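There are 2 protein chains.
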Amino acid sequence: MPRISATKEAILAAALELGALHGISGTTMDEVSERAGVAKGSVYYNFSSKDRLFEELLTAGVSSLSSALRNARLSAPGFAGIEAMVAAMLALIAGNRALAKLMAAEIFRTDRPWQVSMAVLRREALSEFEAGLAPLVPAGTPRGSLPLMAAGIFGATLMGGLEWLLFSPDTPAADVSAAILFTYSGKLDAGTPPTA
Amino acid sequence: MPRISATKEAILAAALELGALHGISGTTMDEVSERAGVAKGSVYYNFSSKDRLFEELLTAGVSSLSSALRNARLSAPGFAGIEAMVAAMLALIAGNRALAKLMAAEIFRTDRPWQVSMAVLRREALSEFEAGLAPLVPAGTPRGSLPLMAAGIFGATLMGGLEWLLFSPDTPAADVSAAILFTYSGKLDAGTPPTA
């Protein structure tokens, strides 16, 4: 059974807090060591560099997201699976706001040492939305449209989720989910202003 | 008639290129001066600090986005206005990929000296989507849902647009728009796998 190192966990938590606050470039290993209450030598023993430390933090985050999306997708057939994915992603964002903010800022950067592993994982997360969407689009839909739709739903959930946490944290999660999902209902395109 | 300074433009263009490549923290005023082919004194004469330089770059970007969204919204009534806004935003992203990437990475950061002006402008851009959505949602919709829906459509367009430029730049803009808008058609929620 792999031993979970409390030291490693403390280092990752400190890096996350500092990274969300000051950005990755604005965070030093000295500050991480101080915030974690762990000797600097021990920080470097667990993570050979700041880059490795943040790479592990971010890839673990995207990896959790992929698993959660996969489980949600498999939990219900058809559009209910998409609804479950949106809800699962919002729950993850709410559960770890600092990580969600850090991931949102990193997800499209191409100047990081970890950009390749992030791109692979990002693709993995998006492919869960693609897999959920594939049976729902008309047969004639161009293949290239699926990744764009998947990115759209992913982006809507991410941006809606961050909007929620930053500007209306008291709104119940179910209402946030309902608001985002309402845009997919086709009711916006009713043509005339609807009545109650 | 205000004189448009070629020097100022060269500095902003250099800052944008470097910022998109190395991040804002990874960019120095020395590098900006070198890339722009402008003396360092002149860089500081036009922008008192690196923070002011990037603040001007980013706020000008969000401000252009707001105007484009507003024009698009007013160009067509009802859902056609939303369609026009999605298309206008995609056109802006395609027209200035470096700025779109930089803005995507900055839009939810709260550790920047310019966070207040960015938040105000971000709100302005989102409020265009809100204004477009307001007449389209059912009368009983909670007031708090509109900003979340607006953030969702904004996020879908941003993420879909970046996905497009990074991974399928040969797809025509109209197809990207169509893919994102299809998710709002209600057809995903058809219940059973549709036939051609």
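Keeping their order, the protein sequence lines are chains A and B. Per full-length UniProt numbering, the very first residue in the first sequence carries number 1; after that it's consecutive. Per full-length UniProt numbering, the very first residue in the second sequence carries number 1; after that it's consecutive. Every residue, glycine too, gets a C-beta built ideally from N, C-alpha and C. Everything numeric in this text was worked out from a predicted model, so none of it was measured.
Closest Cα partner of residue i within the set the options
i, options, result
"Arg122/B", "Leu92/B, Arg52/B, Val62/B", "Val62/B"
"Ala94/B", "Thr157/B, Ala6/B, Leu12/B", "Thr157/B"
"Thr141/A", "Ser42/B, Lys187/B, Glu34/B", "Lys187/B"
"residue 258/B", "Arg35/B, Leu148/B, Ile11/B", "No answer is possible for residue 258/B: it lies beyond the span of chain B, which begins at 1 and ends at 196."
"Lys101/B", "Thr171/B, Val116/B, Leu162/B, Ala173/B", "Leu162/B"
"Leu69/A", "Phe79/A, Ala87/A, Leu58/A", "Ala87/A"
"Ala14/B", "Leu21/B, Ala36/B, Gly26/B, His22/B", "Ala36/B"
"Ala174/B", "Leu136/A, Gly144/A, Pro169/A", "Gly144/A"
"Ala190/B", "Pro135/A, Glu128/A, Tyr44/A, Glu130/A", "Pro135/A"
"Tyr45/B", "Trp164/B, Ala119/B, Ser5/B, Ala104/B", "Ser5/B"
"Ser185/B", "Val116/A, Gly78/A, Val137/A, Pro172/A", "Val137/A"
"Ala178/A", "Met118/A, Ala80/A, Ala119/A", "Ala80/A"
"Ala119/A", "Leu166/B, Phe47/B, Phe182/B, Gly78/B", "Leu166/B"
Which of helix, strand or coil DSSP assigns to residue i
i, result
"Gly23/A", "coil"
"Phe154/B", "helix"
"Pro135/B", "helix"
"Asn71/A", "helix"
"Pro147/B", "helix"
"Asp170/B", "coil"
"Gly140/B", "coil"
"Arg109/B", "coil"
"Gly78/B", "coil"
"Phe182/A", "helix"
"residue 197/A", "With chain A covering only 1 through 196, there is no way to say anything about residue 197/A."
"Ser127/A", "helix"
"Trp164/B", "helix"
"Lys8/B", "helix"
"residue 197/B", "Residue 197/B lies beyond the residue range present for chain B, which begins at 1 and ends at 196; the question has no answer from this structure."
"Ser48/B", "coil"
"Ala84/B", "helix"
"Ala91/A", "helix"
"residue 204/B", "In the structure as shown, chain B starts at 1 and stops at 196, and residue 204/B therefore has no counterpart that could be examined."
"Ala13/B", "helix"
"Ala104/B", "helix"
"Ala119/A", "helix"
Integer Cβ distance of residue i from residue j, believed to fall under 8 Å
i, j, result
"Ile24/A", "Phe54/A", "5 Å"
"Ser64/B", "Leu92/B", "7 Å"
"Ala60/B", "Ala72/B", "The Cβ separation is near 19 Å, so there is no contact."
"Ile107/A", "Gly152/B", "Not a contact, Cβ separation roughly 17 Å."
"Asp170/A", "Leu21/B", "So it is not a contact: roughly 40 Å between Cβ atoms."
Beta-carbon gap between residue i and residue j smaller than 8 Å
i, j, result
"Val38/A", "Ala10/A", "yes"
"Glu34/A", "Ala98/A", "no"
"Val176/A", "Gly160/A", "yes"
"Pro113/A", "Asp51/A", "yes"
"Ala150/A", "Leu126/A", "yes"
"Glu128/A", "Ser66/A", "yes"
"Glu130/B", "Leu146/B", "yes"
"Leu12/B", "Leu57/B", "yes"
"Gly19/B", "Thr27/B", "yes"
Residues in the stretch 15-31 of chain A with C-beta within 9 Å of chain B's C-beta atoms, listed in sequence order?
-> Ala20, Leu21, His22, Gly23, Ile24, Ser25, Gly26
Return the residues of the stretch 151-182 of chain B that lie within a Cβ-Cβ distance of less than 8 Å from chain A, sorted by chain order.
-> Ala151, Gly152, Ile153, Phe154, Gly155, Ala156, Thr157, Leu158, Met159, Gly160, Leu162, Glu163, Trp164, Leu166, Phe167, Ser168, Thr171, Asp175, Val176, Ala178, Ala179, Ile180, Phe182
Anything in the stretch 67-81 of chain A with a Cβ closer than 8 Å to a Cβ of chain B? List those residues in chain order, please.
-> Gly78, Phe79
Chain A contacts made by the stretch 138-150 of chain B, where a contact means CB separation under 9 Å | Pro138, Ala139, Gly140, Thr141, Pro142, Gly144, Ser145, Leu146, Pro147, Leu148, Met149, Ala150
Just by C-beta distance, which residues in the stretch 46-63 of chain A are closer than 9 Å to chain B?
-> none
Mind listing which residues of the stretch 79-99 of chain B have their C-beta closer than 8 Å to chain A's C-betas, in chain order?
-> Phe79, Ile82
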